[in-house]
Amino acid sequence: MNVSQDMSILSLVSQASIPVQIVMVLLLVVSLTSWTYIFSKHIAISRAKKDTTRFETDFWSGGDLNMLYQAAASRRAENGALARIFEAGMAEFSKGRQNRVAEGNLLDGARRAMRAAYQREMDALEANLNFLASTGSVSPYVGLFGTVWGIMQAFRGLANVQQATLASVAPGIAEALVATAIGLFAAIPAVIAYNRYSHDIDRLSIRFDSFIDEFLNILQRQVR
1 MNVSQDMSIL
11 SLVSQASIPV
21 QIVMVLLLVV
31 SLTSWTYIFS
41 KHIAISRAKK
51 DTTRFETDFW
61 SGGDLNMLYQ
71 AAASRRAENG
81 ALARIFEAGM
91 AEFSKGRQNR
101 VAEGNLLDGA
111 RRAMRAAYQR
121 EMDALEANLN
131 FLASTGSVSP
141 YVGLFGTVWG
151 IMQAFRGLAN
161 VQQATLASVA
171 PGIAEALVAT
181 AIGLFAAIPA
191 VIAYNRYSHD
201 IDRLSIRFDS
211 FIDEFLNILQ
221 RQVR
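So the sequence shown is numbered by full-length UniProt numbering: it starts at 1 and just counts up by one.
Here you go:
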């Protein structure tokens, strides 16, 4: 018997029981989906950081707000999250001034418009983070289920063996442990990515909140 061949990873997976194989396939699908979200979320957050920094630079350069608003409105499809928040607030403010809305209602309208835009942007940034969190917390237990099932099957097979040896039970235990390894392979990157992206999104949220407050102060000075 070729032991090295029998104990290879592919051999262990192919010889595993059907429930264990189902667990392995499920974990591999979850892992691939998780990695897809990890890369797409990295691109989205990196772009959001870059766009936010660029707009903050333009906003605080001292230019005219109306010109900045017109520029933002003309390239709406290319705008970042912060530019869209600014555009929503400025549009509501300009509309209120044209309708001669009272100062308090004017600022409240701009605030509500920016808060609504802020929430939409945060929802977009946080999309699929729950999947990464679920993958990180559930995958090890799914892999453990496959391991427990495989070990149970391995020990049940000893009932038909007159003399139990380590060599007779080792392949069954090894193939069962592969399920746990795949579960950890799916969970660890998901947990790391979730923690990192949650931190990055929180930092962006703070920048958005600060901008809204500072922009409202500027608008308040304009209506006095």
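Backbone N, C-alpha and C fix where the C-beta goes; we use that ideal spot for every residue, glycine too. Fair warning: this is a prediction, and the values are worked out from it, not measured in the lab.
Leaving aside the five residues that flank Asp-51 on each side, the residues in its chain whose CB is nearer than 8 Å to its CB run, in chain order, Asn-79, Gly-80, Ala-81, Leu-82, Ala-83. Shown here, Asn-99 sits in coil according to DSSP, grouped into three states, outside any helix or strand. DSSP places Trp-35 inside the alpha helix (DSSP H), whose first and last residues are 18 to 59. It is roughly 24 Å from the alpha-carbon of Arg-156 to the alpha-carbon of Val-25.
If you draw a straight line from the Cα of Gly-143 to the Cα of Ala-116, it comes to about 41 Å.
For Asn-66, the enclosing alpha helix (DSSP H) starts and ends at 65 to 74.
The Cβ atoms of Ile-43 and Pro-189 lie no closer than 8 Å to each other.
Cβ-Cβ distances below 6 Å link Glu-92 to Gly-109, Ala-110, Ala-113 in the same chain, with the five nearest sequence neighbours on each side left out; the list follows chain order. The beta carbon of Tyr-141 is closer than 8 Å to those of Gly-183 in its chain, skipping five residues each way along the sequence.
In the three-state reduction of the DSSP assignment, Ala-117 falls in the helix class, which pools H, G and I.
8 Å or more divides the Cβ of Val-20 from the Cβ of Glu-121.
Here Gly-80 carries a coil assignment [DSSP, helix/strand/coil]. The C-beta distance from Ala-181 to Gly-136 rounds to 16 Å, too long to fall under 8 Å, and the pair is not in contact. About 12 Å separates the beta carbons of Asn-130 and Lys-41, which is beyond the 8 Å limit, so they are not a contact pair.
Rounded to the nearest angstrom, the Cβ distance from Glu-87 to Ala-72 is 5 Å, consistent with a contact under 8 Å.
The distance from the Cβ of Val-30 to that of Ala-179 is about 13 Å, inconsistent with a contact at the 8 Å cut-off.
One thing to note: Tyr-118 has its Cβ within 8 Å of the Cβ of Phe-208. In chain order, Gly-80 place their CB closer than 8 Å to the CB of Arg-54, counting only its own chain and leaving out the 5 sequence neighbours on each side.
Ala-124 counts as exposed, since fewer than 16 other C-beta atoms from the protein chains shown sit within 10 angstroms of its C-beta. Within 10 angstroms of the beta-carbon of Thr-57 lie fewer than 16 other beta-carbons, which makes it exposed.
Distances from the alpha-carbon of Arg-221 to those of Lys-95, Val-191, Leu-107 put Leu-107 closest. In this structure, DSSP gives Glu-126 a state outside helix and strand, which the three-state scheme calls coil. Within the model, the alpha-carbon separation for Gly-89 versus Thr-33 is close to 37 Å.
Excluding five sequence positions before and after Tyr-194, the CB atoms of its chain that fall closer than 7 Å to its own CB belong to Leu-129, Leu-132, Ala-133, Gly-136, given in chain order.
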